[in-house]
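Residue numbers (the working numbering): 710 to 1459. These notes concern the structure reproduced below.
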């Protein structure tokens, strides 16, 4: 985003040099990539009046000009055909430097002294678009009232400075000169004067009687404003407007196009102008494109549209691809006398996708796709009308045509002084914080629960207390925050933390037990949970939906790792992998509120499965194989023996071949054979066994100590007992009885 310091001064009284301003803006978060002086190389060029023009005695195509430059009269030899006595022209005197770096010296030209050079607009570093009144091939003739002897740098404002900002995509307000000026005012603690347009609207006919606007796709267009301008006179823009456009990197075209571009740069709101007489029925319909619809855009290219794109249409055809570019069929030309101005807010994702599909990215689309302030649409169109009246480009009709079906919800952010200081590691006072937020035009109220911030509509990036802390930090000055050591349970002086070591220990054990590690996506289709036969109200069905998913199959954050691993098992099984052991250690995402209003809890889980060949005699013993591996893992981690109970297992497990895993008072997870219906739904092996454990709970119970004990004097004796009991007695009950009856010499029950 480029702008000149002169343009910034229209909003804020800057009294610093360009380097100081650039450094201050960079430190406050608005990075200045480059600082360029306008016309930096043009030196020693002044205005002069041609007194006489005489033929060169020795050259037919050259003339001798006597030029008054204020301090003296000099002779200049030129071949330009448009010079005449009385003309005021730019004069490069002896020693002057032109835009291309050329140095002008006095010398003889065909036997006659030439003390300088008369300059064209190109030799000063400009084009005919910059100065439409300049001759296409000849000397630049200045207005006759121009002061003689004036430095051209002063006359053409070549002493201005262009600042090139690197703006991050979340700060859409800074893709406007007004937004950058607001940042400069906050950074330097100076008063800020926003644009407050005033439209006279002197045409007698109301806008609403001349055009209509209807939005048929409110999900893609939340607001559409229109104003009508009559008696339009297309012509060049005034010097000051062209100069500001040039400084921002845009080429001046004509007054109407320049004004819409000017407002886009000044307020960040792209606009478009339609020839009102070319709109069928003088109506605007905001709708989805029809399949097979084709539109020729202003760059004379035919664009194939589809129903995912939003178009601006009249009663007969599309007249613009919303947020991207207008169509030739409603283009403003030199013959245009009435225009309809557009200022709208479109769905950012829809604009981005449309621009990508048609291969056309414009200044307008790059702003729309970041999300615009819906409250800025009417102000921007009023500003354009004010400028049209100011430069005499037309007469504005009274009334704003405003279709606004979707209004934004106000944002409220609870915060506290202690919370901000805890995030930043500072000790900022509440008064300083409130003053800082006031300078940022963030309203703060005191509610029963504490302080609540209400950010302005042009700051959509402010959504949490952490965002407010960031604002406080950059205004306070990052360089003023005293460095401090990190604190927290995960902080280590090199090496791994305790939890990291134990997780690595678990991974090493699983690999040593013959398991392969999987790495699956953290998002899935909600239909996957249907295959688990979960009840409609099951807690695992409370999934966080992704607003911009890759597709329906990746639209929700997973609440269980089982669907992911069952899909892995199915893939292996159906590719003739007869036996497999696979595990994964990853996060599941469990909402803390329902409906979801905050970030979900992230729980680490360990999930694993194994299956063997169907013809293997041990296929029916897979449950005990996996149970034995789990018991060995618990021993490896120094966790006392876990209990296995059949109570409370989920519906995805076989009712008679499953168990809950309990260690002390902690429920670690579940283990068992997959229910046949679930296995069939996933096309998985029929005797697949799985376990699902809360990894953080397992790590919390584990011991990271290495304990040594002497070899036993009396070796242990193993006894294999067979007991006859009623079928209703679970194995866990027998295990508990044996342990309670055992003495100190009982070491282990398996």
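For each residue, glycine too, the CB sits at the ideal point set by N, CA and C.
is_contact[residue i, chain D] using C-beta, thresh 9 Å
i: residue 947; result: Absent from the structure: chain D. Only one protein chain is present.
Supposed contact pair residue j and residue i - C-beta distance, whole angstroms, cut 8 Å
i: residue 857; j: residue 779; result: 5 Å
i: residue 1398; j: residue 1319; result: 6 Å
i: residue 713; j: residue 956; result: 4 Å
i: residue 811; j: residue 1184; result: Rounded, the Cβ-Cβ distance is 47 Å, inconsistent with contact.
i: residue 747; j: residue 867; result: 5 Å
i: residue 1402; j: residue 1314; result: 7 Å
i: residue 1049; j: residue 985; result: 5 Å
Whole-angstrom distance between residue j and residue i, CA atom to CA atom
i: residue 908; j: residue 1052; result: 16 Å
i: residue 1175; j: residue 1419; result: 55 Å
i: residue 791; j: residue 719; result: 37 Å
i: residue 1001; j: residue 983; result: 24 Å
i: residue 922; j: residue 936; result: 11 Å
i: residue 1260; j: residue 1309; result: 21 Å
i: residue 980; j: residue 990; result: 21 Å
i: residue 854; j: residue 793; result: 16 Å
i: residue 1280; j: residue 1295; result: 20 Å
i: residue 898; j: residue 1268; result: 49 Å
i: residue 834; j: residue 725; result: 27 Å
i: residue 1105; j: residue 940; result: 9 Å
i: residue 1034; j: residue 1071; result: 8 Å
i: residue 917; j: residue 1306; result: 42 Å
i: residue 1218; j: residue 1161; result: 50 Å
i: residue 1239; j: residue 1312; result: 22 Å
i: residue 1358; j: residue 1435; result: 22 Å
i: residue 1385; j: residue 1363; result: 7 Å
i: residue 1379; j: residue 1172; result: 39 Å
i: residue 1283; j: residue 1453; result: 51 Å
i: residue 1352; j: residue 1425; result: 23 Å
i: residue 1340; j: residue 1405; result: 17 Å
i: residue 1285; j: residue 1388; result: 16 Å
Three-state class that DSSP yields for residue i in the structure shown
i: residue 864; result: helix
i: residue 1332; result: helix
i: residue 1237; result: helix
i: residue 960; result: coil
i: residue 1322; result: coil
i: residue 771; result: strand
i: residue 881; result: helix
i: residue 891; result: helix
i: residue 1337; result: helix
i: residue 826; result: strand
i: residue 1074; result: helix
Cut-off 6 Å between Cβ atoms - residues of its own chain near residue i, not counting five sequence neighbours on either side
i: residue 1155; result: none
i: residue 1414; result: none
i: residue 931; result: 1054, 1083 and 1115
i: residue 1060; result: 1032, 1074, 1077 and 1078
i: residue 771; result: 765, 786 and 788
i: residue 929; result: 1019, 1056 and 1059
i: residue 767; result: 819 and 820
i: residue 878; result: 1079
i: residue 711; result: 871, 873, 957 and 958
Beta-carbon proximity list for residue i, same chain, < 8 Å, skipping 5 on both sides
i: residue 1458; result: 1350, 1444, 1447, 1448 and 1451
i: residue 944; result: 963, 964 and 1102
i: residue 1224; result: 1290, 1291, 1292, 1317 and 1319
i: residue 837; result: 830, 843 and 845
i: residue 1278; result: 1289, 1291, 1318, 1320, 1391, 1393, 1394 and 1397
i: residue 999; result: 1014 and 1016
i: residue 1159; result: 1123, 1124 and 1125
i: residue 1027; result: 998, 1002, 1004, 1014, 1020, 1021 and 1036
i: residue 1354; result: 1368, 1369, 1371, 1439 and 1441
Own chain residues within Cβ distance below 7 Å of residue i, not counting five before or after
i: residue 734; result: 741, 892, 893 and 896
i: residue 1193; result: 1134
i: residue 1143; result: 1153
i: residue 1411; result: 1211, 1346, 1347 and 1348
Any 3 or more C-beta pairs closer than 8 Å across the region 876 to 892 and the region 969 to 980:
yes
With a cut-off of 8 Å, do at least 3 Cβ pairs link the region 1038 to 1049 to the region 1009 to 1017?
no
Please determine if the region 1117 to 1133 and the region 1178 to 1196 are in contact, where contact requires at least 3 C-beta pairs separated by less than 8 Å.
yes
Evaluate the contact criterion for the region 1057 to 1076 versus the region 1093 to 1102: three or more CB pairs, one atom per stretch, below 8 Å.
The region 1057 to 1076, when compared against the region 1093 to 1102, does not touch it at the 8 Å Cβ threshold.
Closer than 8 Å is the cut-off here; do at least three beta carbon pairs connect the region 868 to 875 with the region 751 to 760?
Touching, no, given that fewer than three Cβ pairs across the two stretches are closer than 8 Å.
Could you tell me whether the region 767 to 782 touches the region 817 to 827, where touching means 3 or more Cβ pairs closer than 8 Å?
yes
Touch check for the region 1247 to 1264 and the region 1219 to 1237: three-plus C-beta pairs under 8 Å?
Yes, they touch.
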